[in-house]
Amino acid sequence: MREEKLTLALPKGRMLIDIVDLFEGAGLPCRAILDDSRKLVFD
């Protein structure tokens, strides 16, 4: 199976928390996105 990457631009605020919860529930670890920084995250 071929591995491909998906790039997403996510908003900050309440919507981001909901999205992270959704991704975590699907087995995609992404809690680092919630850090209070302006750092661009590549994972």
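Note that the numbering used here has the sequence shown beginning at 82, numbered continuously upward.
Note that CB positions come from ideal geometry on N, CA and C, so glycine has one too.
Using C-beta distances below 6 angstroms, list every residue in its chain close to residue i, excluding the 5 sequence neighbours before and after it, in chain order.
i    : result
F104 : C111
Going by the beta-carbon positions, is the gap between residue i and residue j smaller than 8 angstroms?
i   : j    : result
L87 : I114 : no
L91 : I100 : yes
Whose CA, out of the options, lies closest to the CA of residue i?
i    : options            : result
S118 : M82, L89, E84, G94 : G94
Please return the same chain residues whose Cβ sits closer than 7 angstroms to the Cβ of residue i, not counting the five positions on each side in sequence.
i   : result
E84 : none
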